[in-house]
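There are 2 protein chains.
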Amino acid sequence: MAIIAIVGAGVMGTAITFPVADNGHEVRLVGTHLDDDIILSCLERRIHPRLRRSIHERVQPFYHTDIPTAVAGADVVLLGVNSRGVHWVAEAVGPYLEPGQIVMMITKGLESSPDGRLQILPDVIRENLPAAIRDQVHYAAVGGPSIAGELAARRHTSVVFVSREVEVAERLRSLFSTPYYHIWTSTDIIGVEVCVAMKNPYALAVGLAAGVLERQSPDVANAHMHNYAAAIFAQGLAETAILVEKLGGGRETVFSLPGAGDLYVTTQGGRNSRMGRLLGKGMAYSDAVEEMPGETIEGVDAVVSVMPAVEAMIQRGEIAPDALPLLRELHRIVTRNAQIEFDFNSFFSRLPFNPPPAGQ
Amino acid sequence: MAIIAIVGAGVMGTAITFPVADNGHEVRLVGTHLDDDIILSCLERRIHPRLRRSIHERVQPFYHTDIPTAVAGADVVLLGVNSRGVHWVAEAVGPYLEPGQIVMMITKGLESSPDGRLQILPDVIRENLPAAIRDQVHYAAVGGPSIAGELAARRHTSVVFVSREVEVAERLRSLFSTPYYHIWTSTDIIGVEVCVAMKNPYALAVGLAAGVLERQSPDVANAHMHNYAAAIFAQGLAETAILVEKLGGGRETVFSLPGAGDLYVTTQGGRNSRMGRLLGKGMAYSDAVEEMPGETIEGVDAVVSVMPAVEAMIQRGEIAPDALPLLRELHRIVTRNAQIEFDFNSFFSRLPFNPPPAGQ
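The listed protein sequences correspond, in order, to chains F and G. Here the working numbering is used: the first residue of the first sequence is 1, the next is one more, and so on. Here the working numbering is used: the first residue of the second sequence is 361, the next is one more, and so on.
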C-alpha cells in the first residue's frame, strides 16, 4: 500500500483519485486556497460539487493549511492545480517534500523563461523548489485524452505516464493502473508536456469553426464547417510537432495518444471549445471573457505564455517566422481583440507538400 | 479553359464541380447506371437530390450511355464512383480514354490482390484499363477532409492533390484551386490513398463509443465516453501509419490533412459513424445493415477488402501479428456478427511507449 497526496482538488485532481483508491492505496486530497468550498463539501457530504458525484470512500480530504500533514510520508505528491497555480504550489509544497518522493504533474501548461526558452512545467516546478530538495525527488507527468468526469465514472481511459526516469513511470503505473485506466509509459517528457499544453489552444482554434458557421447566412442544404475545423485540427498537430521537435521531444508522441488523441478529446467540448465558438462568432476576446466569468481558459493562457519564447526562438533562427501561423493568429485574436483572418494557404508549410501559391 | 469530365454523380463527384466550374472550365457530370434519377433531376430541375441544392450553372449532366461523348476531348477524367464501382468504371470509361488525359480518383478504397498485396485504387484502375491506353494517361487522386455538402456550399476546404508525377498534381491544382478550395500537392500517392481508405473503418470504430455509452446504465454525472473514442482515434492513426509505411508511403501524410484531418472530419458524422453507433449498442452486424437499407458503408467494405492482404502480409512476416488489433477487431465484428471485446492494452504496441503488462 502506498500513500498518494494530491494537491489541487479540481475535477482532474479528484478524478485521478478513483483508480488509485480502487487499487487500495491511501489517498489524501488537498484543496488549494481556492478550493475551500470543495473540501468543505467533501468533508461534510462526501460530494465533489464540480464532478457532481460522491468521492471515493478511501479519499481523505484536507484543507490547504494541512499540506504539511498530507505530504508527510507520501510516496507520490501529485500536483493538480491549474497552470496559474504552478508557482504557488511549488512554494506551498516545497518545504515539506521528502527525499525519494515522486512529484507528479497533471497541470497543463508551458512557460516562457526570462531568457526566451520554452519550459515544461515539471522543470518550472523543479526550479522553484528549495535547492536542498530539488534534486532529491523524482519528476513525472501524465498526458493523453482524459476527461475528468469520465475517469471518475470509471470509463475506459488511456494515458501515457512519463518521466525521464523510466523506473519512476513504471512505479507510478503499478500504483494507478486498473481495468479501466490504461497506462503506457514513456521517457519523452518534453513531447508529452508540449502536447498537453498545446492541445488547449489548438482545440480552441478548432472551436472557432462552429462560431464562424453561426454568423454565416443559413445554407440551403444546411452545410456545416467540419472541413474548416479539420484543416485547423491538422495544422494544430503540425505546429505541435514543430514545437516538440525544436525542444527535443519525439514526434511519435505528437501523433498518438498525447497529441492527436488528446486534441481530439479536447475538441469534443469544454471551455476552450466554448471560447473558440464565441470568438468565431466575431465576439471580441474582451467581451467573450465576460461571457465566461470566473473560468480559466487554459488555451488562452497557453497562447499568451508560449508566445514570448516562440518570438525569441524565431529571433534566434530556431523556428522559421512562418512556421506557426495558427498560433500567431490565435495570439492576435486574444491579445488585440482582433477578428479572425485565417489564411488557410499558410498552413502545412513545413510538411512535404507543395503549398498553394501565394495570393490564392 | 479546360474540360473536366466527372463519372459518378454522387455527392462528392458533384460537389467537386463547384470549384472547377467557378474557375470557368467546362464541366461534364456523368451519372453511372445507378444515378439515372440524379441525372434526370439535374437535367429537368437543375437540382441534385442528394446534395439538396442546385447544380452549378456551368455543369452539363449526362447519362452513362453518353460516356463516350463526355470523355471525348476532356483534359481530366475524374472518377467519382463508390469503391464497388471501380472495376465497372474502368471497363465503362477505358475504351474512350485518350492519350494525355489525366485520370483522377476521388473514390476511396483499397483492394487485396489475388497474390496478397494491398493495392491502391489508381493502380487497380490502371490494371483494368485496356493495355493500349493504360500507360498513355496520367493518374492522380485527392485526399484530405472534404465533406461533399460543405465543398458544394463553398465552405473552406483544404485537401491534397497527389500524383506520382508532380507536374500532373500541379496542373490539377491550377484547374481546381479557388479562394475556398485550398490545395496542397504531393507525390505520396500511397500515403494519401491508404489514408483516404482507412479513415472510414477507423471512423466507424470511433463511432462505436457512442453506442457503447448508450447501452451503459446512466451515470450520475452524465459522463460520456470521449476518452474511449479518443484512444480509438489515436490507435486508428497508428495502424494507418503502419500500413502506409509497409506499402512505402510517408508518415507525414498520415499525421496531417490526409490522415489525421480526414479521420477527424469523418468522425463528425456520416454513415460510418452511424454504423459504428449501432454496432457499439450491441446490435449484430447483420441486423445493423438492415437498419441502414441501401446504404454503402465504405468502412465495412474497406475492412473486408483489406483483410486478406493484411493476413498475407502477416504470413510473409511483413507485419507483426499483433500490430493491427483494432482492424482485426473490426473485422471480427462485421464478419462474425461478434460483440465488441476491445483490449485497449493491445493498442500502441508499435510506438516508443512501454505497453501495459498483459492481463491488466
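For each residue, glycine too, the CB sits at the ideal point set by N, CA and C. From a predicted model like this one, the values you see are computed outputs, not experimental measurements.
Linking serine 158/F to alanine 169/F through their CA atoms gives a straight-line distance of about 15 Å. In the three-state reduction of the DSSP assignment, valine 220/F falls in the coil class. With a 10 Å radius around the Cβ and a threshold of 16 neighbouring Cβ atoms, glycine 621/G comes out buried. Sixteen is the threshold: when 16 or more other Cβ atoms of the shown chains lie within 10 Å of the Cβ of alanine 500/G, as they do, the residue is buried.
Nearest to glycine 191/F by alpha-carbon distance, out of Asn23/F, Ala209/F, Gln119/F and Phe348/F, is Gln119/F.
The C-beta distance from methionine 104/F to leucine 172/F rounds to 7 Å, short enough to meet the 8 Å contact threshold.
Residue-level contact check: isoleucine 543/G touches chain F, since one or more beta carbons of chain F fall below 9 Å from its beta carbon. With a threshold of 9 Å between beta carbons, phenylalanine 347/F makes contact with chain G.
Contact note: glycine 610/G reaches chain F through Pro352, using a C-beta cutoff of 7 Å and chain order. When C-beta atoms of the segment 505-519 of chain G are compared with those of the segment 571-589 of chain G, fewer than three pairs fall below 8 Å, so the two segments do not count as touching. If the five residues before and after glycine 94/F are omitted, its C-beta is found closer than 8 Å to the C-beta atoms of Asn128, Leu129, Pro130 and Ile133, all from its own chain and listed in chain order.
The beta carbon of arginine 271/F sits closer than 6 Å to those of Glu295 and Ile297, all from its chain and outside the five residues before and after it, given in chain order. Within chain G, no C-beta atom comes less than 8 Å from the C-beta of histidine 331/F; the nearest is roughly 21 Å away. Here DSSP, grouped into helix, strand and coil, assigns tyrosine 541/G to strand. The beta carbon of leucine 470/G sits closer than 6 Å to the beta carbons of Leu478, Ala557 and Val666 from its chain, once the five residues preceding and following it are set aside; these are given in chain order. Counting only runs of 3+ residues, the beta strand (DSSP E) found wholly inside the segment 34-71 of chain F occupies 59-62, in chain order. Sequence-distant partners of aspartate 661/G (beyond 5 residues in either direction) whose C-beta falls short of 6 Å from its own C-beta, in its chain, are Ser443. By the neighbour-count criterion, in which 16 or more other beta carbons inside 10 Å mark a residue as buried, serine 633/G falls on the buried side. DSSP assignment within the segment 490-516 of chain G yields the following whole alpha helix (DSSP H) runs of 4 residues or more, N-terminal first: 491-494 and 508-512. Taking 9 Å as the threshold, the shortest C-beta distance from glutamine 628/G to chain F falls below it. Between threonine 253/F and glycine 259/F, the CB-CB gap stays under 9 Å.
Listed along chain F, the residues sitting closer than 7 Å to phenylalanine 615/G by beta-carbon distance are Leu237 and Phe255. The Cβ of glycine 261/F sits closer than 9 Å to at least one Cβ of chain G. Nearest neighbour of glycine 370/G by Cα position, chosen from Val387/G, Pro653/G, Gly659/G and Gly391/G, turns out to be Gly391/G. The residues Val20, His25, Val27 and Val76, in chain order, have a CB closer than 6 Å to that of isoleucine 4/F in the same chain once the five nearest residues on each side in sequence are set aside. Judged by beta-carbon spacing, threonine 185/F lies beyond the 9 Å limit of arginine 164/F, meaning their Cβ atoms are not closer than that value. As the crow flies, the alpha-carbon of arginine 676/G is around 15 Å from that of isoleucine 602/G. Residue environment analysis places alanine 680/G among the exposed positions, since fewer than 16 neighbouring C-beta atoms fall within 10 angstroms of its C-beta.
Taking 7 Å as the Cβ-Cβ cut-off, the segment 275-299 of chain F has no residue approaching chain G.
Residues of the segment 51-83 of chain F with a C-beta less than 9 Å from any C-beta of chain G: Leu51, Arg52, Arg53 and Ser54, listed in chain order. Interface residue (Cβ-Cβ distance to chain F less than 9 Å): serine 633/G is not classified as such. Within its own chain, the residues whose Cβ lies closer than 7 Å to the Cβ of histidine 87/F, once the five positions on either side in sequence are excluded, are Asn128, listed in chain order. For leucine 439/G, the enclosing beta strand (DSSP E) has its first and last residue at 436-439. For isoleucine 314/F, the three-state secondary structure derived from DSSP is helix. Here DSSP, grouped into helix, strand and coil, assigns asparagine 714/G to strand. Counted as a single uninterrupted DSSP element, the beta strand (DSSP E) harbouring glutamine 479/G occupies residues 478-480.
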